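This report refers to the structure that appears directly beneath it.
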Amino acid sequence: MNRQSLTLSSGNKGAIFSIDVAIAFFIVAIVLFTSAYYAGRQNQDYLANLQMYKAGYDVVTVLDYKNILNTTDNITLQSSMYNLTAVNYLMKIRIDDTNGALIIMTNDTAPTESLVLSGERPIMRDTTQAIARFWIWPR
Amino acid sequence: MKKAQAIITDLLVAVSIGIVLLISINLSWDYYTLKLSDDVTYSDMFIRASETSEVLVSTQGYPKNWNSNNVILAGLADYDRKISESKLSNFAALNNSAIKDMFKVNLYNFTFEMKYKINDSNITSIGEAGNANVSVNSRRLVIYRNEPAIVNFIVWK
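Chains as they are written, first to last, in our numbering: chain W, 93 to 231; chain B, 71 to 227.
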């Protein structure tokens, strides 16, 4: 008799315990899969961003070698930049003197609501030092 | 007797829910394991392609004046992103397995292509041919013979 009431009691408790375990298991599974999804996605985002960043530096470096960063003509800088930038990206370039005063800048405006990466390269414009800054973002 | 039936019904419902839950978790687990494995492979290929192209277009290699007999690490640049004609021809003379060993891309196949930006005319193309299931291209802009050129280092399998 004593044993029977014990069984009934633990049977009820067991049911509650099983629901607890099921819920816990479910939560753990959701957390695990969500983490795996975002971890994978973040890694791919990082790699894509690295590629975009290198593409930006490539364009500014080649423009420097071609002596186009020396120009005072905004249109020349703009069209040369367009010609060299890969089709999946857009760029903006701004050249400042060492005091931060603007020398020349392309017309595009970087978007505010999507990812924009930027970098800079010290350059020589004739005999004076300057800084070429670039912004690059996906088209 | 009634109590026993109720317990069996409960048990059946619980077991059914449990089985559905287990199957769905198992399917999800398989899916994510496969996806994670694909992601790991893709990331590995991407990093190798990216690092190899970086070394090729940005460094002189080691030793600095390397040739096909003494090369330890091939770099094609005279200056950062300015490709040397002699280094490019030395690189083209290397065999594919030597390049794969050098850049630790033995697990995959690779293709190195270089062409002028202005008209897409081919400068050089080396590496392996075949059908790729997965491929990653590290595309770089460089200067070659004072003209903008595109370097594609493609890792594929």
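We put the beta carbon where it would ideally sit given N, CA and C, even for glycine.
These figures come from a predicted structure and were not determined experimentally.
If the cut is a Cβ gap below 9 Å, which residues of chain B does residue i touch?
i      : result
Q136/W : D109, Y112, S113 and F116
With which residues is residue i paired in a DSSP beta bridge?
i      : result
Q221/W : M216/W
F180/B : V225/B
M183/W : I228/W
L106/B : Per DSSP, none; premise fails for L106/B.
I196/W : I187/W
Y132/B : L143/B
S210/W : W227/W
Y149/B : K152/B
I167/W : DSSP output for I167/W lists no bridge partner at all.
I51/B  : No answer is possible for residue 51/B: the residues shown for chain B start at 71 and end at 227.
For residue i and residue j, what's the separation of their Cα atoms in angstroms?
i      : j      : result
F180/B : D108/B : 18 Å
S195/B : K134/B : 23 Å
Y157/W : S159/B : 22 Å
S127/W : L207/W : 22 Å
I87/B  : Y129/W : 25 Å
M173/W : N96/B  : 51 Å
N166/B : E183/B : 13 Å
T177/W : V90/B  : 52 Å
N140/B : Y138/W : 36 Å
K187/B : V120/W : 52 Å
K152/B : I196/W : 25 Å
A168/B : L177/B : 13 Å
I117/W : Y101/B : One detail in the question is off: residue 117/W reads as Phe in this sequence, not Ile. So the alpha carbons of these two residues sit roughly 18 Å apart.
Please tell me whether residue i has its Cβ less than 7 Å away from any Cβ of chain D.
i      : result
F125/W : No chain D is present in this structure, whose protein chains are W and B.
Quick one: which chain B residues come within Cβ less than 8 Å of residue i?
i      : result
S110/W : A84
L142/W : S120
How would you list, in chain order, the residues of chain B whose beta-carbon sits under 7 Å from the beta-carbon of residue i?
i      : result
A153/W : Before going on, a small fix: residue 153/W reads as Thr here, not Ala. Ordered by position in chain B, the residues that pass the 7 Å Cβ test against T153/W are D150 and R151.
L139/W : S113 and F116
Taking residue i as the query, report the chain W residues whose CB atoms sit under 7 Å from its CB, ordered along the chain.
i      : result
R215/B : Residues of chain W passing the Cβ test: none, with the nearest at roughly 12 Å.
I95/B  : A121
Cβ-heavy atom distance between residue i and the ligand MN below 6 Å?
i      : result
V175/B : Only the bare structure without any ligand can be found here, which leaves the ligand MN out of the picture.
Residue i versus chain W: which residues are under 8 Å apart at the beta carbon?
i      : result
K187/B : N175 and L176
S98/B  : A121 and F125
Please list the partners that residue i has in chain W, where partner means a Cβ-to-Cβ separation under 9 Å.
i      : result
L146/B : Those within 9 Å of L146/B in chain W number zero; the least Cβ separation is about 14 Å.
Name the residues in the stretch 155-179 of chain W whose C-beta lies less than 8 Å from a C-beta of chain B; which are they?
Y157, K158, N175, L176 and A178
Inside the stretch 160-218 of chain B only - alpha helix (DSSP H) runs reaching at least 4 residues
166-172
Which residues, in chain order, does the stretch 115-139 of chain B contribute to contact with chain W at a C-beta distance below 7 Å?
F116 and S120
Which residues, in chain order, does the stretch 202-221 of chain W contribute to contact with chain B at a C-beta distance below 8 Å?
none
With 9 Å as the limit, tell me which residues of the stretch 163-190 of chain B have their beta carbon closer than that to any beta carbon of chain W; keep them in chain order.
K187 and I188
Against chain B: residues of the stretch 182-203 of chain W by CB proximity under 7 Å:
none
Below 8 Å between beta carbons is the criterion; list the residues of the stretch 196-215 of chain B that meet it against any residue of chain W, in chain order.
S208, R209, R210, L211, V212 and I213
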